[in-house]
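In our numbering, the protein residues as written are 7 to 352.
Think of the CB as a built atom: it goes at the ideal place given N, C-alpha and C, for glycine as much as any other residue.
Below, the structure is given as structure tokens:
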């Protein structure tokens with residue numbers, strides 16, 4: 007009789023309730039795995055920390071996220087090449103790390119790098135091609151402009167698109183049509199845009215970031231994650247989708263001294279029904295510092311609590327159009343509201 011009642015209960019429950027699937031993606035800020043050319047052998051350069059601390063050191067404090075999600079995504083703001091061929095000496099800052107630094111990624115559970123930024127061309131097409139080859143050889147995905155990364159699990163497909171502001175502006179119509187094509191013709195269930203733009207070291211997002219986020223969400227983008235300002239900025243909601251304006255720096259080998267201490271890891275949970283239709287999304291914010299020292303960059307972001315966590319969230323709140331919930335000391339995170347993918351009928 008008990009088995010019969012359980013069977014009847016299962017038959018009466020909505021199918022979606024039994025088959026809903028949640029995919030979890032972890033995002034962090036700007037990462038430079040390397041240093042400027044003239045500092046490659048400096049004692050305080052990131053390269054030296056690889057030699058003394060090993061590959062696992064840099065993302066050690068976020069392994070509880072990166073090793074237990076569906077995909078971890080970083081913005082890689084450096085070239086991976088074993089030589090300086092193609093170096094653009096007209097640029098003020100050029101960042102490079104050797105190709106074996108891909109071990110940092112693979113050992114840390116990082117599966118995807120966005121390469122649409124202002125540093126992957128520091129060594130011209132030679133350096134960019136070397137970066138592509140190094141990531142491909144290591145089995146690490148990458149995306150930039152029309153090179154879209156498709157992630158698939160249990161029949162659900164998520165497309166990751168990475169673009170810099172100038173490319174996005176010049177290709178707005180392409181972007182709109184591509185999102186439409188991905189969803190209507192290529193079986194993609196959600197699209198995430200990793201956008202590189204904004205004003206460096208400005209804790210307030212600008213109108214261009216806001217306008218581009220509006221264009222993206224109007225086109226059907228389901229989550230927008232922005233980088234480039236190197237400091238934390240706010241979070242907003244457009245078309246029932248989250249937009250994060252800047253996650254700040256993370257493992258940033260470009261600075262041996264800390265220029266902006268506060269950062270955070272953002273974990274996004276996207277829920278789909280049994281037919282792959284996006285039902286909603288939720289963000290979890292983990293306040294962090296880029297280094298355990300407020301002056302010297304030790305290239306190992308660390309979780310923070312108490313007043314330090316409140317200061318991180320204060321920066322986010324100051325530039326947000328919504329209220330950031332309270333930090334939970336027990337879980338070490340902020341749980342943002344669940345956003346249904348479709349606005350309730352009026």
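**OP:** Put residue 221 into one of helix, strand or coil per three-state DSSP.
**Re:** helix
**OP:** Assuming residue 81 contacts residue 262 (C-beta within less than 8 angstroms), just tell me the rounded distance between them.
**Re:** Actually they do not touch by this definition, with Cβ atoms about 20 angstroms apart.
Subject >> Span of the alpha helix (DSSP H), counted from its first residue to its last, around residue 262 >> reply: First-last for residue 262: undefined, no H or E at that position.
Subject >> Residues that DSSP places opposite residue 247 in a beta bridge >> reply: 244
Subject >> the segment 123 to 130 contacting the segment 174 to 187, beta-carbon criterion three pairs below 8 angstroms >> reply: no
Original post:
Which whole-angstrom value is the C-beta distance of residue 161 and residue 282, which I expect to be below 8 angstroms?
Top reply: 6 angstroms
Original post:
Using DSSP with H/G/I as helix, E/B as strand and the rest coil, what is residue 81?
Top reply: Secondary structure of residue 81 (DSSP, three-state): strand.
**OP:** For the beta strand (DSSP E) containing residue 5, list its first residue and its last residue.
**Re:** This structure cannot speak to residue 5, because the chain is shown only from 7 to 352.
Original post:
According to DSSP, which residues form a beta bridge with residue 42?
Top reply: In the DSSP output, where bridge partners are listed per residue, residue 42 has 101.
Original post:
Excluding the five sequence neighbours on either side, which residues of its own chain have a C-beta within less than 8 angstroms of the C-beta of residue 120, listed in chain order?
Top reply: 79, 80, 81, 82, 148, 149, 150, 166, 168, 200, 202 and 233
Subject >> Residues near residue 275 by beta carbon distance below 6 angstroms, same chain, minus five either side >> reply: Cβ within range, chain order: 28, 30 and 288.
Subject >> Stretch-stretch touch, CB-based, cutoff 8 angstroms, three pairs: the segment 33 to 40 with the segment 94 to 105 >> reply: Using a C-beta cut-off of 8 angstroms, the segment 33 to 40 makes contact with the segment 94 to 105, since at least three inter-stretch Cβ pairs fall below that distance.
Original post:
With respect to the alpha helix (DSSP H) encompassing residue 114, which residues constitute its N-terminal and C-terminal limits?
Top reply: 108 to 114
Subject >> CB of residue 208 within 7 angstroms of CB of residue 35, strictly >> reply: No. Outside cutoff.
**OP:** Report yes if the C-beta of residue 91 is less than 6 angstroms from at least one heavy atom of the ligand HEM; otherwise report no.
**Re:** Within the structure as shown, the ligand HEM is missing, as the structure has no ligands at all.
Subject >> Beta-bridge partners of residue 274, as assigned by DSSP >> reply: 31 and 289
**OP:** Can you give me the Cβ contacts of residue 206 inside the same chain, cut-off strictly under 6 angstroms, excluding the 5 residues immediately before and after it?
**Re:** 235 and 236
Original post:
Are residue 109 and residue 61 touching if we call contact CB-CB under 7 angstroms?
Top reply: yes
Original post:
Given residue 219, which residues of its chain have a CB within under 7 angstroms of its CB, disregarding the five upstream and five downstream residues?
Top reply: 230, 244 and 249
Original post:
Quick one: is residue 319 buried, meaning 16 or more other Cβ sit within 10 Å of its Cβ, or exposed?
Top reply: buried
**OP:** Please state if the CB of residue 71 and the CB of residue 117 are separated by a distance shorter than 7 angstroms.
**Re:** no
Original post:
Terminal residues of the continuous alpha helix (DSSP H) containing residue 138?
Top reply: 130 to 144
Subject >> Sequence-distant residues of its chain with Cβ nearer than 8 angstroms to residue 300 (five each side left out) >> reply: Short of 8 angstroms from the beta carbon of residue 300, and not among the five residues preceding or following it, lie these beta carbons of its own chain, in chain order: 264 and 267.
Subject >> Backbone CA spacing between residue 94 and residue 53 [nearest angstrom] >> reply: Looking at the two C-alpha atoms, the distance is approximately 21 angstroms.
**OP:** Could you give the DSSP three-state label for residue 165: helix, strand or coil?
**Re:** Strand, per DSSP.
Original post:
How would you label residue 15, buried or exposed, when you count the other beta carbons within 10 angstroms and need 16 or more for buried?
Top reply: Bear in mind that the predicted position of residue 15 carries a pLDDT of just 37, short of 50, making it unreliable; the figure below should be weighed with that in mind. Residue 15 should be labelled exposed.
Original post:
Does the distance from the CB of residue 347 to the CB of residue 284 come in under 7 angstroms?
Top reply: yes
Original post:
Out of 66, 32, 341 and 45, which has the shortest C-alpha to C-alpha gap to residue 298?
Top reply: 66
Original post:
Based on the DSSP output, what are the partners of residue 147 in its beta bridges?
Top reply: 118
**OP:** Taking the CB atoms as reference points, tell me whether residue 193 and residue 132 lie closer together than 7 angstroms.
**Re:** No. Outside cutoff.
Subject >> Buried or exposed by the 16-neighbour rule on C-beta atoms within 10 Å, applied to residue 172 >> reply: exposed
Original post:
Below 7 angstroms between beta carbons: does that hold for residue 334 and residue 240?
Top reply: With a cutoff of 7 angstroms on beta-carbon distance, residue 334 and residue 240 are scored as not near each other.
**OP:** For the alpha helix (DSSP H) containing residue 320, list its first residue and its last residue.
**Re:** 312 to 324
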